[in-house]
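Under my numbering, the first residue of the sequence shown is numbered 490, with each subsequent residue one higher. In what follows, a structure is listed as structure tokens, so that the remarks can point back to it.
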Amino acid sequence: MKRTRDRLSPCARRAGARVRKSGSSARSATPRTGGRGPGGRRARSSMVRLACVNVPRVDLQILALADSDLKALPTAVVTEAKPLGRILEVNRAGRAEGVLPGMRYAAALHICPQLRAGTVSREEREALRKRLIDVLSRFSPDVEPSQRDAMLFWLDASGLGRLYASDAAWAADVERELDGIGLFVSIAVGFTRFGTCTAARVKRAITLFDTPRDERTAALRAPIGVLPIEPDALMRLHHLGVYTVRDFVRFEPGALRRRFGPEVEELRRFAADGAELPVQGAGERRPLRRDVRLLHPQRSIEALLHHQTELLRAVIAQARDEQCAITEIVMEFCPEQWPGHDEPCLTERIRTARPTLDAARIERLMRLRMEHGKLEHGKLRAPIVSLTLEAVCVSSTREQHDLFGGQRTIEYEQAAHALSDITAELGNDAVQFARLETSHLPEHSFSWQNAGRGWQNAGGGLQNASLAVKRPPPAIRSTDESDRPAGLLTPPGYPQLVRRILEAPVPLSSMPDEFQSPRIAGPYTLSGGWWNHPYQREYYYLYDRFDRALWIYFDVNERRWMLQGIVE
490 MKRTRDRLSP
500 CARRAGARVR
510 KSGSSARSAT
520 PRTGGRGPGG
530 RRARSSMVRL
540 ACVNVPRVDL
550 QILALADSDL
560 KALPTAVVTE
570 AKPLGRILEV
580 NRAGRAEGVL
590 PGMRYAAALH
600 ICPQLRAGTV
610 SREEREALRK
620 RLIDVLSRFS
630 PDVEPSQRDA
640 MLFWLDASGL
650 GRLYASDAAW
660 AADVERELDG
670 IGLFVSIAVG
680 FTRFGTCTAA
690 RVKRAITLFD
700 TPRDERTAAL
710 RAPIGVLPIE
720 PDALMRLHHL
730 GVYTVRDFVR
740 FEPGALRRRF
750 GPEVEELRRF
760 AADGAELPVQ
770 GAGERRPLRR
780 DVRLLHPQRS
790 IEALLHHQTE
800 LLRAVIAQAR
810 DEQCAITEIV
820 MEFCPEQWPG
830 HDEPCLTERI
840 RTARPTLDAA
850 RIERLMRLRM
860 EHGKLEHGKL
870 RAPIVSLTLE
880 AVCVSSTREQ
890 HDLFGGQRTI
900 EYEQAAHALS
910 DITAELGNDA
920 VQFARLETSH
930 LPEHSFSWQN
940 AGRGWQNAGG
950 GLQNASLAVK
960 RPPPAIRSTD
970 ESDRPAGLLT
980 PPGYPQLVRR
990 ILEAPVPLSS
1000 MPDEFQSPRI
1010 AGPYTLSGGW
1020 WNHPYQREYY
1030 YLYDRFDRAL
1040 WIYFDVNERR
1050 WMLQGIVE
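This is the structure:
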């Protein structure tokens, strides 16, 4: 069953008042050691507990933190402090006066002369985010910020039974602490990221779930508008009759990627996936950084590499102290500045094959990049006067290194190092591989992905699923020529036919002359996309005058012939 406690005013909270819901009185939120529930049993569940803290309307709250008087006045957040600036958010007092998001600031002032408005910078949001992480870290050892919403956080609420009488007491203390700095939040305590996130977005309250089933039921019943979906995509989903999360998760995996984009498909996977990882509190590790200002401006790559190597050794020593391994190196070269010559700093980013503290290996990658990258001879317009080296690290323990050590082979290690050498010399986008996508259109049935995303991972080594080329078993080909499409006469013993897809369909000037040839197979009709961009194609296989097997189609909507690829 789900228990919800309404928000209290600051005066009522200081007076110790508590609201009773469904005829049951709420326990005091004061933490006590060894608190137990009825019958002497501890009130907290023995299952792993997860909490979500959501800060709604964060920009309005940032303005209110700077000026507390704005809480009682009509207030809006605008894109710029000018009459033509657009309104992004409006508080309740402003909406009561008729001010709505999307209006120009000048028009809103005409409706509500007492309207107060202001802008919020990215730096202000980031400062508040860091402050929230510091505050929430007092209540849980692991705090994980959401990647989709900068002001939504998950906390590990397990193992606190000896400090708090119940989950409600713990959540009340978190709410009280944030209220003390001037923020109102909604908190949900449950079992999964998605379930607690949905509950925290639906209600401005403290929501508690006793069982995973209660949490899942409430999440599926929530309106789809609580998900961070773009307005256009949300409207199209409504046209399809999708109004709740339950309707949203009924789509087949991959069905939403091509229709609405990878972001919506990722949200569907997030909502439907029952697998849960522990709260990733280590994501806030700060990069290791060292810098130096040179006594004399340098143009020599060897001299610059020498200084960067010294910075690298200092960074590796710090990484060992913090028990982490390096996954990425960012080098910055700032040239000399003088009046009339404002050259920007050059930045080079290098990824390692796996988390490592091998200085010789990293120095090799740095040398390859510096000799073949932006610092190559002739590209330095001004001598370098200051250097910066920053390392991105992940936590590294002996157990993590040994976990997959038995599965990694020398071939995979060598392949990973070879790929890191290639990307260090030619750039991070130099090595890519094709990933299958869910789409009926041939040109959309795959996408190119940087190899670095596949062969770099926290466990180290090369991921077999990403780059290991596994040849499929030989296709079973019929020896009976009557089974082949009419017109495509393949001699006996001819190798397996393969369709080579062009990167994009090529328009044909007119109907191919070979269309009347008997050596043709088709049409094969392909239609779809009615939800977004409808298409209807009639595919054919035919031989041209050079005896090449072409794969073409007639676009019914555009009324033209296109070359899709060739058959080999």
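We put the beta carbon where it would ideally sit given N, CA and C, even for glycine. From a predicted model like this one, the values you see are computed outputs, not experimental measurements.
Practice task
Express the C-alpha separation of Trp1050 and Ala1038 in angstroms, rounding to a whole number.
Solution key: 16 Å
Exercise for the section: State the DSSP-derived secondary structure class of Ala760, mapped to helix, strand or coil. Expected result: helix
Problem - Cβ-based burial, Asn543 [other Cβ within 10 Å; buried from 16] - result: buried
Problem - Ala814, enclosing beta strand (DSSP E) - first and last residue - result: Cys813 to Pro824
Practice task
Buried or exposed for Gln787, please, with buried defined as at least 16 other CB atoms from any protein chain shown within 10 angstroms of its CB.
Solution key: buried
Problem - Residue of Pro931, Val567 and Leu854 minimising C-alpha distance to Ala907 - result: Leu854
Handout entry: Helix, strand or coil at Asp638 according to DSSP, with G and I counted as helix
Key = coil
Practice task
State the Cα-Cα distance for the pair Pro974 and Leu930, rounded to the nearest angstrom.
Solution key: Bear in mind that the predicted position of Pro974 carries a pLDDT of just 46, short of 50, making it unreliable; the figure below should be weighed with that in mind. Going by the C-alpha atoms only, they are around 21 Å apart.
Problem - As assigned by DSSP and simplified to three states, the class of Phe922 - result: strand
Exercise for the section: With DSSP collapsed to three states, give me the class of Ile670. Expected result: coil
Problem - N- and C-terminal bounds of the beta strand (DSSP E) containing Glu992 - result: Arg988 to Pro996
Handout entry: Proximity of Leu745 and Val753 at Cβ, strictly below 8 Å
Key = yes
Exercise for the section: Grab me the residues of Leu756's own chain with a C-beta within less than 6 Å of its C-beta, minus the 5 sequence neighbours each way, in chain order. Expected result: Leu716
Problem - Residues near Glu1047 in its chain [Cβ-Cβ closer than 6 Å; skip 5 each side] - result: none
Exercise for the section: Over the uninterrupted alpha helix (DSSP H) stretch that includes Ile805, give me the two end residues. Expected result: Ile790 to Asp810
Problem - Delimiting residues of the beta strand (DSSP E) encompassing Tyr1029 - result: Tyr1024 to Tyr1032
Practice task
Return yes when the Cβ of Thr564 is within less than 8 Å of the Cβ of Leu577, no when it is not.
Solution key: no
Practice task
Tell me whether Gly650 is buried or exposed, calling it buried when 16 or more other Cβ atoms sit within 10 Å of its Cβ.
Solution key: buried
Problem - Cβ neighbours of Gly528 in the same chain (closer than 7 Å, five flanking residues each side left out) - result: Residue placement at Gly528 is flagged as unreliable, the pLDDT there being 36, under the threshold of 50; the coordinate-derived value follows with that caveat. There are no such residues.
Practice task
Sort Arg856, Leu697, Ala760 and Gly714 by Cα distance to Trp659 and report the nearest one.
Solution key: Leu697
Practice task
Please determine if the region 573–593 and the region 633–645 are in contact, where contact requires at least 3 C-beta pairs separated by less than 8 Å.
Solution key: no
Handout entry: Where Arg569 sits in the DSSP three-state scheme
Key = The sequence given here places Glu at residue 569; Arg does not occur at that position. Reduced to three states, the DSSP call for Glu569 is coil.
Practice task
Could you pull out every residue in the same chain whose Cβ sits closer than 6 Å to the Cβ of Ser971, ignoring the five residues on either side in sequence?
Solution key: With a pLDDT of only 43 at Ser971, under 50, the local geometry of the prediction cannot be trusted, and no value is derived from it.
Exercise for the section: Compare the Cα-Cα distances from Ala760 to each of Pro720, Ala708 and Ala808 and report the closest residue. Expected result: Ala708
Handout entry: One or two residues paired with Asn543 in a DSSP bridge
Key = Leu641 and Ser675
Problem - Length of the line joining the Cα atoms of Glu619 and Cys813 - result: The amino acid at residue 619 is misidentified as Glu; the sequence shows Lys. When rounded, the distance between both Cα atoms is 22 Å.
Handout entry: Whole-angstrom distance between Arg778 and Leu997, CA atom to CA atom
Key = 56 Å
Problem - Test item: CB-CB of Arg747 and His933 under 8 Å - result: yes
Problem - Alpha-carbon spacing of Asp810 relative to Arg782, whole angstroms - result: 25 Å
Problem - Beta-carbon proximity check, Ala848 vs Ile805, cutoff 8 Å - result: yes
Practice task
Going by CA-CA distance only, name the one from Thr841, Phe680 and Thr816 that's closest to Val883.
Solution key: Thr816
Handout entry: Nearest residue (CA-CA) to Glu799, options Arg665, Pro844, Asp780 and Ala570
Key = Asp780
Handout entry: Backbone CA spacing between Tyr1042 and Phe822 [nearest angstrom]
Key = 52 Å
Exercise for the section: Can you have a look at Arg924 and say buried or exposed, based on whether 16 or more other CB atoms are within 10 angstroms of its CB? Expected result: exposed
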